[in-house]
Every structure is written in structure tokens, then in C-alpha cells.
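Each residue of the sequence shown is one higher than the last, beginning at 59 in this note's numbering.
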Amino acid sequence: MTFALFTEQILNGLQLGVMLFLMAAGLTLIFGVMGLINLAHGSLFMVGGFVCAAVAVWSGSFWLGLAASLVASAAAGALVEIAVIRRLYDRDHLDQVLATFALVLMFSEATRFVFGSSPLYLNPPAMLSGPVMLPGGIAYPAYRLAIIVAGLLVAGGLGLLINRTRLGVRIRAGEADREMISALGIDIRTLYTIVFALGAALAGFAGALVGAIQSVEVGMGEPVLILAFVVIVIGGIGSIRGALIASVIVGVVDTMGRFLLPDLLSGMMDAASARGTGAAIASMLIYVLMALVLIVKPRGLFPAHG
């Protein structure tokens with residue numbers, strides 16, 4: 059294995075981790091502030107991907123599609139919160155799971171109705187379509203590098219929003235004691251709608267960015283949602299810092315496992331079997347990692363409180 063190939067896989071893991079962070083950050087905010095288990099979060103990822111692809115094809119501009127995905131996913135999130143989710147806050151988690159699972163089915167069928175069942179394909183913008191030469195003579199796709207940079211910028215922006223703004227103070231207060239901030243005159247219903255729309259916009263942004271790497275299709279958000287749940291369990295519920303660090307760990311572990319394990323197993327079996335077995339074991343690694351973290355720190359690496 060060459061240094062260039064190893065570095066490329068590390069960057070691929072970082073790119074996957076950043077994409078998971080965009081999903082997990084919104085999910086952990088929603089769960090931490092509202093105490094809501096939202097299985098429909100992956101559907102908002104799908105909405106972002108489909109809207110970006112459709113608008114980019116219609117307008118010929120990837121950037122217009124990206125902007126449209128943010129608006130559409132945030133609007134969809136706000137509408138869902140107002141129409142459905144706010145009726146679930148005082149219900150138990152089983153009711154939340156059943157209701158948001160029903161939303162998943164509704165989003166899937168609505169997407170098929172509007173966009174059809176065939177996958178959509180999205181090309182990256184021309185300025186990011188080629189490789190970038192990194193130190194050491196490493197050629198890495200400019201678009202994947204842009205995803206990494208965009209994700210880190212979003213992480214920094216979220217950190218500033220949560221820790222340095224009046225809205226962030228209200229979000230943290232709502233997470234700690236929602237009854238108290240309601241008593242102080244803050245409109246908790248509006249705050250919840252804003253948080254849900256913010257989380258939806260992050261999910262839609264992730265779906266739009268990933269759409270130029272893989273096809274955009276119905277159900278594309280569910281596998282990512284599972285990984286996002288793993289991320290927030292490892293990082294700690296309600297913690298943006300925990301979500302970022304855990305996302306990078308999960309992305310690198312998953313990518314390097316899929317890259318290294320087939321080579322390690324190739325001496326014990328044929329190449330095809332080594333690839334299949336290596337991919338299966340790599341898929342298990344992140345869940346083994348989650349189990350180990352829960353054994354040592356049941357509340358995650360960086361819980362929001364304590």
C-alpha cells in the first residue's frame with residue numbers, strides 16, 4: 059500500500075464523516091432539545107438530494123440546486139413539525155417512533171409521485187469536477203475535498219450559533235429545562251419549529267452534497283440515518299462537538315475497514331470472498347465500536363450534560 063493511497067482513503071473517511079455529521083448534528087439537536095426520536099430525518103436527507111438534482115437539471119446550476127435544497131428541506135421540516143411533530147412531544151417514545159415511521163412511508167411515496175421511481179443523477183459544478191494536487195503528489199477529487207471543507211465550516215458555524223448567539227442560549231436552555239424557559243416568556247413552540255427546521259436543513263444539505271457522488275433515489279436516507287444514530291450514541295446526545303468527533307471516527311473506521319480488511323483476508327481465501335467478507339466485517343466494526351463506547355461511557359464520549 060502506498061502513502062498516497064492510504065492518505066486518499068483517510069480523506070474518503072473524513073468526507074464520509076463530515077456527511078454523517080451534517081445528518082447527526084440536526085438529529086442530536088432535535089433529540090437533545092425536544093426529546094424526540096425522529097425516524098423521518100433520513101427522509102429530509104432524501105428531499106434535499108431530490109430537490110437539488112431536479113433544480114440543477116432544470117436550471118443548469120448546481121449552486122441554485124444546492125440553495126433550493128436548503129430551502130425545501132427546511133420548509134419541509136417546519137411543516138412536518140407544525141402539522142405532526144408538535145403533537146408528539148408529550149407522548150411516549152413508541153408513539154414518536156410509529157408516527158415518524160409513518161412519515162418515512164409518506165415521504166417515500168410522495169417522492170415517487172413527484173419525481174418518479176428512477177434515480178436522478180447530479181453532476182458536481184465544473185469548477186470542482188477535477189482533481190486537486192495535495193502535498194506529496196496526491197491527486198484527490200476537488201468535489202470531495204469541498205465537501206470536507208463545507209462540513210467543517212458548518213461545524214464551526216453551528217458551534218458559534220449554539221455558544222455565541224441569543225438563539226443558541228435559548229436552544230441550550232430549552233435542552234436543559236424547557237419548563238423554565240416557557241415560564242420566562244420564551245415561545246417554546248416557535249423555538250422547537252426553528253430547531254426542527256435547522257436540523258432538516260442540515261440533513262437536506264447533506265443529501266444535496268452526496269447527490270453528486272452517488273445517485274439520488276428513494277430510500278437513500280435510511281442507511282445514512284442508521285449511521286447517524288450510531289454517531290450520536292458514540293458522541294453523546296445533544297453534543298455538537300461529540301457529533302463531529304464521533305462522525306469522523308465512524309467515517310474513518312468504516313472506510314479504512316472496507317479498504318484494509320479485504321487485503322488482510324486475501325491470504326486466507328480467494329479475492330471475491332475476501333472482498334465480501336471484508337465488507338461484511340467492516341460494516342460490523344462501527345457497531346462494535348459503539349458497544350465498546352457504551353460499556354466504558356454509557357452516555358457517550360461527550361454528553362451535553364455531565
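We put the beta carbon where it would ideally sit given N, CA and C, even for glycine.
- The C-alpha of I271 lies about 42 Å from the C-alpha of I244.
- With respect to T60, R144 sits apart: the two C-beta atoms are not nearer than 9 Å.
- With a threshold of 16 other beta carbon atoms within 10 Å, R247 falls short and is exposed.
- Comparing alpha-carbon positions, the option among L350, A160 and A264 lying closest to V288 turns out to be L350.
- Counting the other Cβ atoms within 10 Å of the Cβ of L63 gives fewer than 16, which makes it exposed.
- Within the DSSP secondary-structure output, L192 pairs in a beta bridge with I196.
- As for any alpha helix (DSSP H) of minimum length 4 sitting wholly inside the region 95-162, the runs are 99-117 and 120-141, ordered along the chain.
- The straight-line gap separating the alpha-carbon atoms of F173 and A136 is approximately 22 Å.
- Nearest to G107 by C-alpha distance, out of L97, W116 and L124, is L124.
- Looking at A208, W116 and L186, the one whose alpha-carbon comes closest to that of F263 is A208.
- L267: member of the alpha helix (DSSP H) spanning I246 to V268, first to last residue.
- Between the region 299-318 and the region 74-94, the count of Cβ pairs shorter than 8 Å is three or higher; the stretches touch.
- G215 counts as exposed, since fewer than 16 other beta carbons sit within 10 angstroms of its beta carbon.
- The criterion of a C-beta distance shorter than 9 Å is satisfied by E275 and L178.
- For E66, the enclosing alpha helix (DSSP H) covers residues F61 to M92.
- The C-alpha of L94 lies about 24 Å from the C-alpha of I353.
- In its chain, beyond the 5 residues on either side, L122, G123 and A126 have a beta carbon closer than 7 Å to the beta carbon of V113.
- Under the DSSP assignment, P281 falls in the alpha helix (DSSP H) whose first and last residues are G279 to G293.
- About 20 Å separates the beta carbon of L78 from that of V253, a gap too long to meet the 8 Å contact definition.
- Taking C-beta atoms as the reference points, M104 and T158 fail to come closer than 9 Å.
- Only exposed fits E167, as fewer than 16 other CB atoms lie within 10 angstroms of its CB.
- Cβ-Cβ separation between G294 and R357: approximately 6 Å, consistent with a contact (criterion under 8 Å).
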